[in-house]
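Using our numbering, you'd call the opening residue of the sequence shown number 40 and step up by one each time. Ideal Cβ placement from N, Cα and C applies to all residues, glycine included.
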Amino acid sequence: GVQRNLFVSRYWAQEKSLEPVPTGTNIIMKGGSATLDELIASTEYGLLVTSFWYIREVDPQTILHTGLTRDGLFLIEGGEITRPVVNFRWNESPAAVLRSIEAMTTSERVVTREGYLPIVAPAAKIGEFRFSSISPST
């Protein structure tokens, strides 16, 4: 995909002779044609993450974010879900995640855990994702 219409504050728009562009209030991402079952079946060894939460920016220069998995993290072995696993903290750049997409389902409306950001996005099979530590459930 191509990222378009990046945020430009009124200050920087005036400084650079650009039109100001407000911050986005939603995320809409075109999906693919795979089903979730197909994404799982095509995974030899991986994790099925059903929910992220407590997502926070760590480094605006690299777009690094951190967050936690929550309420459904499962081990995939040989194309099948074999068992639930403990939650993880992760540190990753959304740009790196987008570059690592291998397949996607069709897009659907997603309910977020925090805030009211409307999202329409697919489930995606990501080739590489940095989980940094175990996050014990409380």
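query                                                                                    : result
Min CB distance Ser72 to chain D below 7 Å                                               : Looking at the structure shown, chain D is missing, and only one protein chain is on hand.
Start and end residues, beta strand (DSSP E) containing Pro123                           : 119–123
Lys164 to Ala134 span [Cα, whole Å]                                                      : 15 Å
Residues sharing a beta bridge with Arg169, DSSP                                         : Paired residue(s): none; Arg169 is not in a bridge.
Three or more C-beta pairs below 8 Å linking the stretch 105–112 and the stretch 122–130 : yes
Straight-line gap, Thr121 to Ile102 (C-alpha atoms, nearest Å)                           : 33 Å
Residue span of the alpha helix (DSSP H) that contains Glu54, given as start and end     : 49–55
Residue range of the beta strand (DSSP E) that includes Leu178                           : Because the chain spans 40 through 177 in this model, residue 178 falls outside it and cannot be assessed.
Exposed unless 16 or more other CB atoms sit within 10 angstroms - verdict on Ile157     : Reading off the sequence, residue 157 comes out as Pro, not Ile. So Pro157 counts as exposed.
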